[in-house]
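**Q** All residue numbers for the sequence shown refer to the numbering used here, where the first residue is 46 and numbers rise by one. For each residue, glycine too, the CB sits at the ideal point set by N, CA and C. Quick one: structure below, then a few questions.
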Amino acid sequence: MELKQALKRLKESKEFKDLSNKNKDIYFSYALIMFDGNEDSQWQLGFYHKSTDKMITFIVDKDEIKMEKEEEIFKKPGIEVKKLDIEKAKIPYDEILKKAEDFQKKKYPKELVSKTIAILQNLEEYGHIWNITFVTHTFNTLNMKINPENGEIVHHNLQSLMDFVQK
Numbered sequence: 046m047e048l049k050q051a052l053k054r055l056k057e058s059k060e061f062k063d064l065s066n067k068n069k070d071i072y073f074s075y076a077l078i079m080f081d082g083n084e085d086s087q088w089q090l091g092f093y094h095k096s097t098d099k100m101i102t103f104i105v106d107k108d109e110i111k112m113e114k115e116e117e118i119f120k121k122p123g124i125e126v127k128k129l130d131i132e133k134a135k136i137p138y139d140e141i142l143k144k145a146e147d148f149q150k151k152k153y154p155k156e157l158v159s160k161t162i163a164i165l166q167n168l169e170e171y172g173h174i175w176n177i178t179f180v181t182h183t184f185n186t187l188n189m190k191i192n193p194e195n196g197e198i199v200h201h202n203l204q205s206l207m208d209f210v211q212k
């Protein structure tokens with residue numbers, strides 16, 4: 046399911062309408078999808094609740110919509126969670142993913158991808174951006190930041206997962 050279709054389906058649902066009628070200070074802040082070859086992946090659509098400084102996530106797939114409980118968010122103090130404007134995602138997700146896959150095959154052909162994590166978010170440094178991470182069979186992560194309006198890869202980084210392990 047394409048992201049805009051999932052978001053539209055969510056906004057038309059009873060679960061979302063009930064929540065947004067009770068909480069006028071929530072806004073769309075991220076979309077996330079993860080998969081490891083499974084074509085039936087679910088979108089996680091996150092809404093920031095400004096008055097509680099917490100995140101409400103909806104899981105949207107082709108059959109159901111599920112609301113997760115409100116959770117603390119991981120952010121540095123003083124950093125504002127920015128609103129995500131879905132209209133800035135002019136290029137469909139599947140085209141963004143293909144661009145990332147083509148880049149990986151050309152630049153890092155020996156890195157075989159085992160898992161993909163894709164997040165559309167609005168970051169201070171980049172603005173609206175697709176944050177695509179490939180986890181590889183060699184325990185590396187290839188992270189790419191891709192502009193959702195023109196498809197340009199504005200940043201990429203290959204790093205070992207072992208670098209994330211605290212010593």
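1) Between residue 126 and the rest of its own chain, which residues show a CB-CB distance below 6 angstroms, the 5 nearest in sequence each way excluded?
2) Starting from the C-beta of residue 87, find all residues in its chain whose C-beta is less than 8 angstroms away, skip the five residues before and the five after it, and write them out in chain order.
3) Do residue 23 and residue 159 have their C-beta atoms within less than 8 angstroms of each other?
4) Could you compute how far the alpha carbon of residue 138 sits from the alpha carbon of residue 152?
5) Run through the stretch 55-96 for me and flag every whole beta strand (DSSP E) of 3 or more residues, listed as ranges in chain order.
6) Mind checking who residue 100 pairs with in its DSSP beta bridge?
7) Alpha carbon to alpha carbon, what distance is there between residue 53 and residue 190?
8) Take residue 142 as the anchor and find which of 193, 68, 58 has the nearest alpha-carbon.
9) Give me the Cα-Cα distance between residue 3 and residue 76, rounded to the nearest whole angstrom.
**A** Let me spell this out:
1) 74, 93
2) 78, 104, 105, 106
3) Here the chain has residues from 46 to 212 only, and residue 23 is not among them.
4) Straight across, the Cα-Cα distance linking residue 138 with residue 152 is about 21 angstroms.
5) 71-80, 88-94
6) 93, 116
7) 25 angstroms
8) 193
9) The chain is shown from 46 up to 212; residue 3 falls before or after that span and cannot be answered.
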